[in-house]
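Down below is the structure, laid out as structure tokens.
In my numbering, the protein residues as written are 13 to 103.
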């Protein structure tokens, strides 16, 4: 539940979408779970593994490269300088 609430601050995602993804990540060894009692019920906790941290950094790098390529493309199409300068004038 807490994961869903944290995710909602950044992106809309339903529990029916999130939990299958978490199970897949666990199956791939990218996260692990443990249960602990909380207010009379068991609560499941998720933590990232070292392999998960490594994969996260790999995905982050890929995403930033992809984002940079798209930003460059859009800047070229809109006439903006990728460095944030206005095109057409010498500085």
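C-beta: ideal position from N, C-alpha, C; glycine also.
It should be emphasised that the depicted structure is a prediction, and the values quoted were computed from it without experimental measurement.
Query: Buried or exposed by the 16-neighbour rule on C-beta atoms within 10 Å, applied to residue 103; Result: Unreliable placement is indicated for residue 103, whose pLDDT of 45 sits below 50; no coordinate value is reported for it.
Query: DSSP beta-bridge partners of residue 59; Result: 44
Query: Under 9 Å between C-beta atoms of residue 61 and residue 44; Result: yes
Query: First through last residue of the alpha helix (DSSP H) which encompasses residue 25; Result: Residue 25 -> no alpha helix (DSSP H), and no H or E assigned at all.
Query: CB-CB length for residue 57 against residue 46, believed under 8 Å; Result: 5 Å
Query: Bridge-paired residues (DSSP) for residue 107; Result: Only positions 13 to 103 of the chain appear in the structure, and residue 107 is not among them; the question remains open.
Query: Any non-hydrogen atom of the ligand ADP within 8 Å of residue 86 CB; Result: Among the components modelled here there is no ligand, and therefore nothing to report on the ligand ADP.
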